[in-house]
Structure formats: C-alpha cells, structure tokens
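Structure, as structure tokens:
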Amino acid sequence: MLTYMWAQKYTQKQVKQELGIAEHTVVDWYNFCMELCVEVVDRFSEQIGGPGEIVEIDESLFSKRKYNKGRKRPSQQWVFGGIQKGSNKCFLVKVEKGMRRH
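Just remember that the working numbering sits 83 ahead of the position in the sequence shown, which is counted from 1.
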C-alpha cells in the first residue's frame, strides 16, 4: 500500500494519517522508493537523442532531512537528467562536487 501511495503522489502526511503508521516509517519508505527509481534509471540508462529528436534536460538537488524536519543535512547531490520526448528513454548523471557551474 505504501508503494502505491508513493506512486500516486500522496503526501507523507496523508500516508501517515491513512495507514496510521509512524512518520519516520513513511519517510524511510519514500526515500527507499526514490532511491530504487534512481538505481533502475542508472542501470538502464542509454544514449538518447539524435537527428529530429527533442531531449528535455534539467538539474535537481537531492538532500535528506532527518524525519523530514529541520535544516538540510550536509549530504546533498546535484543530478543532471534528460528525457527524450515521445519515448520512455532517459538518463540521470550525478554532478560531481565542483562541476556545477552556471
């Protein structure tokens, strides 16, 4: 049920209330689902794009908070990714420290 609710974009607060479980359990499970998705995309990434193809790209900052409260913890990771329009092809790349520049 937790996985379904995560996939349907229920908030952590909604899951806690609906299932009557501890907040840290919901946070841990949501983090697990996110990390699993990143692992799958990383394993199955392939070259995308080419003549006539459109690739949308973006960057995101991932960080963890203990039980989703308080200030951001030092563990932060910038990720650069892209998706080819009209397909399920995508990629994610960790941006190494010091490599992110505007």
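No residue lacks a Cβ here, since even glycine has one placed at the ideal position from N, Cα and C.
Judged by DSSP in its simplified three-state form, glutamate 179 adopts coil rather than helix or strand. For a cut-off of 8 Å, the C-beta gap from valine 124 to leucine 175 is around 5 Å, short enough to register as a contact. Take tryptophan 161, set aside five residues on each side of it, and the residues of its chain with a beta-carbon closer than 7 Å to its own are Glu142, Leu144, Val178, Arg183, in chain order.
The beta carbon of serine 128 is closer than 6 Å to those of Phe174 in its chain, skipping five residues each way along the sequence.
Shown here for cysteine 116: same chain residues with a beta carbon closer than 7 Å to its own, the five before and five after excluded, namely Thr86, Trp89 in chain order. With contacts defined by Cβ atoms closer than 8 Å, isoleucine 131 and glycine 164 do not form a contacting pair.
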